[in-house]
Amino acid sequence: NRVLSKGHYQDTFTQELYQNQTKLLQQIHNTFAPLPIWEAPYYSHEILGISQLGKLADVIFGDQDPTQVYFRGQIQEITHQEDEYILRLPLPHVEMNKVLMTKKGDEMIVEIGNFKRDITLPSVLSNQEATVARFVNKALEIHFTVPDVNSDSDVA
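Residue numbering for the sequence shown follows my numbering, beginning at 420 and increasing consecutively.
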């Protein structure tokens, strides 16, 4: 939404606001990758009316056409094979490293090096256990099976 520009802020409140915003922006980029994200600069006034919206669009998109499609593809895919489900996450800019996954209920946290993504699992996977993770063709494939015991789990 409104993004503070990088700078040296004199007051503690704005410094902390900028630091918190920086952390949240990184989380947003990690969460929504590979989708493109545009950031609007912070203005001291509300953006109202067609004219101001047009100026904001010029700042955000520049010479790009804001009506074009900026991403084609799936951000995740679920397939069912025999007795397991496979969640496939395209990660074209992530190099495979040790994968750390933590599953709690319907949430899966995936960490690969500096990359971190929080995933809300669809209901079909929320009661499944993550058993294997593999990096195949620039995508992380996480295999799920019905657990023997219903509990939260860590898979590394």
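Note that beta-carbon positions come from the ideal geometry of N, C-alpha and C, so glycine has one too.
Residues near residue i in its chain [Cβ-Cβ closer than 6 Å; skip 5 each side]
i: Thr-498; result: Ile-505
Proximity below 8 Å, CB of residue i to CB of residue j
i: Met-390; j: Ala-552; result: Here the chain covers residues 420 to 575 and nothing more, so residue 390 does not appear.
i: Phe-563; j: Glu-548; result: yes
i: Asp-537; j: Ile-528; result: yes
i: Leu-475; j: Ile-469; result: no
i: Ala-459; j: Val-488; result: no
i: Pro-541; j: Ile-494; result: no
DSSP three-state assignment for residue i, whether helix, strand or coil
i: Asp-477; result: helix
i: Gln-500; result: strand
i: Ser-570; result: Bear in mind that a pLDDT of 49 at Ser-570, under 50, signals an unreliable position, so the number given afterwards is only what the model happens to contain. Looking at Ser-570 - three-state DSSP - the assignment turns out to be coil, as it is neither helix nor strand.
i: Ile-494; result: coil
i: Ile-447; result: helix
Unbroken beta strand (DSSP E) run spanning residue i, endpoints
i: Leu-559; result: 558 to 564
Cβ-based neighbour list, residue i, same chain, cut-off 7 Å, excluding 5 preceding and 5 following
i: Ile-447; result: Ile-456
Chain-order list of residues whose beta-carbon lies under 8 Å from that of residue i (same chain, five-residue window excluded)
i: Ser-545; result: Gly-524 and Asp-525
Cβ pair count under 8 Å reaching 3, the region 425 to 445 against the region 478 to 490
With the cut-off at 8 Å, the region 425 to 445 and the region 478 to 490 do not touch.
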